[in-house]
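Q:
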Amino acid sequence: MTVNPDYLVLFFTTTSGASGDQLGSDEKEIVQLVWQVVDLATKKAGQVNELLVKPDHIELSEECQEVSELTEEALTEVEPLEEAIEQLNQRLCAEVDAGAGNTFYLCTDGQLHIRQVLHPEASSKNILLPECFFSFFDLRKEFKKKFPSEGELKDLNLQVMADYLNVVVDSSLHAFTAHMVQQMSEIVLALVSEPVCHQFSFPEKVNDKFETGTCSKMERVDDNTVIRARGLPWQSSDQDIARFFRGLNIAKGGAALCLNAQGRRNGEALVRFESEEHRDLAMQRHKHHMGTRYIEVYKATGEDFLKIAGGTSNEVAKFLSRENQVIVRMRGLPFTATAEQVLQFFSPACPVTDDSEGILFVRFPDGRPTGDAFVLFSCEEHAQNALKKHKDILGKRYIELFKSTAAEVQQVLNRYSSAPLIPVAPSPILSVVPPPTFMPPTAAVTGVRDCVRLRGLPYDATIQDILVFLGEYTADIKPHGVHMVLNLQGRPSGDAFIQMRSADRAFLAAQHCHKHSMKERYVEVFACSAQEMNIVLMGGTLNRSGLSPPPCLSPPSYTFPHGTAVLPAGAVLPAGAVLPVESAAIYPSQFLLSPRPLAPTTAFYPASNPLYMNYTTYYPSPPGSPPNISYFPTGHTPSAGSVLSAPLIRMQGHAPSHAFNSGIKEILSMVHGYQVSLKYTHDCIIISM
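For the sequence shown, the residue numbers in this note's numbering are 2 to 690.
1. Are the beta-carbon atoms belonging to G312 and T215 less than 8 Å from one another?
2. Here's the rule I'm using: 16 or more other beta-carbon atoms within 10 Å means buried, otherwise exposed. How should D496 be labelled?
3. Cutting at 7 Å between CB atoms, please list the residues of its own chain near P459, excluding the five before and the five after it.
4. Under three-state DSSP, which class holds P493?
5. Drop a sphere of 10 angstroms on the beta-carbon of Q263, count the other beta-carbons inside from all chains shown, and report buried for 16 or more, exposed for fewer.
6. As a quick exercise: from V410, G457, L93, V327, pick the residue whose alpha carbon is nearest that of E212.
7. Name the DSSP beta bridge partners of P370, please?
8. Tell me which residue opens and which closes the alpha helix (DSSP H) that T178 is part of.
9. For C529, name the three-state secondary structure that DSSP assigns.
10. Per the DSSP calculation, D40 is bridged to which residue(s)?
11. Determine the contact status of L190 and V39, defining contact as a CB-CB distance below 8 Å.
12. What does the Cβ neighbour count give for T43, buried or exposed, with the cut at 16 atoms within 10 Å?
13. Taking the DSSP output, what are the residues bridged to K155?
14. Which value, in whole angstroms, describes the spacing of the CA atoms of S62 and H180?
15. Go ahead and pull the three-state DSSP assignment for Y632.
16. Give me, in chain order, the residues of the same chain whose beta-carbon lies closer than 6 Å to that of T638; leave out the 5 immediate sequence neighbours on both sides.
17. The alpha helix (DSSP H) with D139 in it runs from where to where?
18. Taking the C-alpha atoms as reference points, what is the distance between F135 and I309?
19. With distances taken from CA atoms, which of G21, L11, D57 is nearest V32?
20. Leaving aside the five residues before and after L258 along the sequence, list all residues of the same chain whose C-beta is less than 7 Å from its C-beta, in chain order.
21. Put F121 into one of helix, strand or coil per three-state DSSP.
22. Could you say which of V168, F470, T72, Q412 lies nearest to L192 if we only look at CA atoms?
23. If you draw a straight line from the alpha carbon of C529 to that of M539, how long is it in whole angstroms?
24. Would you kindly work out how many angstroms separate the C-alpha atoms of N90 and L52, rounded to a whole number?
25. Go through its chain and collect everything with a Cβ distance to L395's Cβ below 6 Å, but skip five positions before and after it.
26. Report the option in K479, K404, V413, M501 whose CA atom is closest to the CA atom of D451.
27. Based on the DSSP secondary-structure assignment, which residues constitute the bridge partners of G311?
28. Using a Cβ-Cβ distance under 8 Å, would D367 count as near chain B?
29. What first and last residue would you give for the beta strand (DSSP E) that runs through A270?
30. How would you call P36, buried or exposed, if buried means at least 16 neighbouring beta carbons within 10 angstroms?
31. Just checking my contact of D305 with V227 at CB under 8 Å: how many whole Å lie between their CB atoms?
32. DSSP on S518, reduced to helix/strand/coil?
33. Which of the three DSSP states, helix, strand or coil, is assigned to V249?
34. To the nearest angstrom, report how far apart L71 and A85 are at their CA atoms.
35. Less than 6 Å between C-beta atoms, sequence neighbours within five positions excluded: which residues of the same chain meet that for T565?
36. Apart from the five residues just before and just after A163, which ones in its own chain have a Cβ nearer than 8 Å to its Cβ?
Spelled out as structure tokens, the structure:
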């Protein structure tokens with residue numbers, strides 16, 4: 002937009018922290034406002050004005066005291082920022098005689114004073130800024146427009162511009178901040194005077210609100226305009242993100258909250274800005290605070306943004322085409338819920354926009370409902386009234402309600418109705434990665450459903466709780482066959498896998514225990530195969546939409562090392578002694594007497610075939626044996642008829658300094674849930690299973 006201002010207000014801010022190119026990067030508060038009015042018609046400058054501002058925390062850095070020559074005592078009796086801004090606006094309007102129709106625009110040395118200092122602090126303190134602070138001229142850019150060959154924009158400063166225009170200001174006559182404003186004034190007068198005759202016509206704009214919108218997967222997004230914000234509060238919305246980056250212009254629909262595999266927000270967001278300059282300014286807000294949490298800011302790519310915010314569904318595009326609408330997500334709907342029931346659920350205090358047209362049900366590709374829906378409301382008031390119905394009953398289910406975004410709508414629909422965000426392995430995963438060492442090789446037979454999956458476990462459930470829950474079927478569990486699944490934070494996910502001795506016993510256990518209660522929660526029990534268990538334990542997902550492999554975290558080639566024997570030097574395994582296959586499988590390969598080599602020794606695959614490696618944290622239950630395993634001392638001769646008919650663990654060197662120095666209770670905790678017998682000798686403990 003072209004403007005023709007009558008006055009320019011040269012504006013300068015000082016914070017209690019860093020100055021110069023680092024101004025605003027440390028979240029410090031404003032302590033000083035300095036300005037000078039220049040009449041562009043008469044080419045005359047007024048006097049330099051100053052306002053001191055009282056910060057919430059009066060603590061000045063050495064750099065601030067040196068630059069502004071202020072003391073902490075001088076700030077105790079002045080007005081806070083809100084009153085200072087109001088006073089500044091009144092004095093400006095009076096000086097330029099705004100009542101007579103004269104117009105003025107702010108002019109600053111660079112972007113930081115307005116975008117990185119004034120707007121972020123005003124936003125955090127809920128201060129409504131006057132309109133004049135949403136348009137300004139960047140003196141460096143105006144100079145660059147007139148002299149495009151004079152260096153890079155990032156290298157410009159007041160001294161470089163003054164030297165080029167032969168402008169001299171006596172620094173001894175002014176304090177540092179007043180000197181900076183006086184130098185800006187002289188540069189402006191040199192630009193608008195003969196022979197340069199520059200016109201200030203195209204001001205910078207600061208968006209006063211975030212505009213929601215849609216993004217197509219076919220759209221091209223510049224990699225240099227996208228950042229990833231991490232550490233967001235789980236209840237934050239796109240408006241909260243826009244508020245965190247207040248002063249910087251986010252592209253329309255450019256704030257996309259990320260969801261985890263369960264469809265819940267994971268504390269991350271991808272943000273797309275209008276230009277690379279604003280992206281770089283956003284990077285300076287790394288570890289700035291949103292409430293009590295600091296937010297990490299990193300560079301991202303346009304492809305990352307499109308994976309989260311891009312969509313291809315015409316139905317979603319039509320639903321989101323209504324602008325200036327507030328979106329609310331419903332979760333936990335009965336599968337039989339209809340649009341009429343949803344409208345009745347919200348009426349009459351919070352009417353839905355366009356009635357049933359303002360409701361979007363999320364469905365699986367085969368048309369089955371997922372229990373999720375998105376609803377549009379015409380204003381924030383109606384949306385807030387709707388959110389008050391959080392956990393109200395519809396049918397026989399309570400409904401969870403959350404404020405949502407257009408990007409979240411795209412993500413949820415993409416997750417259920419299009420290709421998954423995690424790439425699918427081009428070849429069977431088990432042919433690439435050998436089974437984990439805790440699983441017997443014979444169990445990895447595709448299609449043999451000899452395992453049981455428990456879903457919905459209490460988060461404080463222990464292995465003992467699971468054994469009690471399974472009751473008579475506990476006897477059918479293979480040694481070390483209980484596997485508790487943890488999430489990425491290392492906490493229980495509510496899932497567990499049980500390896501049974503046969504498919505028949507797994508089926509009977511699932512039939513008998515399904516939806517029985519454990520600690521006031523019913524637990525779902527399903528029969529599954531070892532392959533399905535293996536994929537989930539390595540980070541994949543198994544749900545009604547099918548089996549998804551784990552994300553790719555490894556390079557295109559991977560070498561499987563050979564194991565080594567752990568018998569002491571010179572030790573031999575007695576003739577005829579054989580370690581049972583089933584028992585051998587419960588120990589890591591480095592503990593085996595004669596480890597089975599992994600095949601192939603080296604697996605190489607082209608870069609287009611990603612190798613899927615362990616991603617989800619898991620642990621075999623109960624824990625494995627200590628690393629100092631030895632079955633027989635050197636030269637030991639077995640007695641007649643002695644064979645390894647059962648798993649045997651020998652704990653050598655057991656002493657008061659040993660890790661298990663509290664007694665037999667700690668040792669038994671390793672193998673609780675199994676029938677064991679212990680035998681003490683003078684230097685070791687032998688555990689038979």
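All residues carry an ideal CB built from backbone N, CA and C; glycine is no exception.
A: A quick look at the data gives this:
1. Yes. Within cutoff.
2. Classification for D496: buried.
3. So the qualifying residues of the chain are M519, K520, R522.
4. Looking at P493 - three-state DSSP - the assignment turns out to be strand.
5. Burial call: exposed.
6. Nearest to E212 by alpha-carbon distance, out of V410, G457, L93, V327, is V327.
7. Per DSSP, R364.
8. That run of the alpha helix (DSSP H) goes 177–193.
9. Taken through DSSP and simplified to helix, strand or coil, C529 comes out as strand.
10. Answer is Y8, K45.
11. If you check the CB distance, L190 and V39 come in under 8 Å.
12. Exposed, because fewer than 16 other Cβ atoms sit within 10 Å of the Cβ of T43.
13. According to DSSP, which records beta bridges pairwise, K155 is partnered with nothing at all.
14. Counting only the Cα atoms, H180 lies some 21 Å from S62.
15. Note that Y632 has pLDDT 35, beneath the 50 cutoff, so the model's placement of it is unreliable and the number below is only indicative. Secondary structure at Y632: coil, using DSSP grouped into helix, strand and coil.
16. The pLDDT assigned to T638 is 47, lower than 50, so where the model puts this residue is not dependable; a value taken from the coordinates is nonetheless given after this. Cβ neighbours of T638 beyond the five flanking positions: none.
17. Boundaries around D139 are those of the beta strand (DSSP E), 136–139, since no alpha helix (DSSP H) includes it.
18. Distance between the alpha carbons of F135 and I309 is about 30 Å.
19. The alpha carbon of V32 has as its nearest neighbour, out of G21, L11, D57, the alpha carbon of D57.
20. Within the same chain, L258 has close Cβ partners D239, R266, A270, T406, A408, E409.
21. According to the sequence displayed, residue 121 carries Pro and not Phe. Helix, per DSSP.
22. Nearest C-alpha to L192: V168.
23. Going by the C-alpha atoms only, they are around 16 Å apart.
24. When rounded, the distance between both Cα atoms is 12 Å.
25. Hits under 6 Å: F346.
26. Among K479, K404, V413, M501, the Cα nearest to that of D451 belongs to M501.
27. Note: G311 sits in a beta bridge opposite C216.
28. In the structure shown, chain B cannot be found, because there is only a single protein chain.
29. It spans 266–274 - the beta strand (DSSP E) in which A270 sits, taken as one unbroken run.
30. A small fix is needed here, since residue 36 is Trp in this sequence, not Pro. By the Cβ neighbour-count rule, W36 is buried, with 16 or more other Cβ atoms within 10 Å of its own.
31. With a contact defined as Cβ atoms closer than 8 Å, D305 and V227 qualify at about 7 Å.
32. If DSSP states are grouped into helix, strand and coil, S518 belongs with the strands.
33. Reading off the sequence shown, one finds Leu at residue 249, where the question assumed Val. If DSSP states are grouped into helix, strand and coil, L249 belongs with coil.
34. Going from the Cα of L71 to the Cα of A85 covers about 17 Å.
35. Bear in mind that a pLDDT of 44 at T565, under 50, signals an unreliable position, so the model cannot answer this.
36. So the list reads V169, V170, Q184, E187, I188, once near-sequence residues are dropped.
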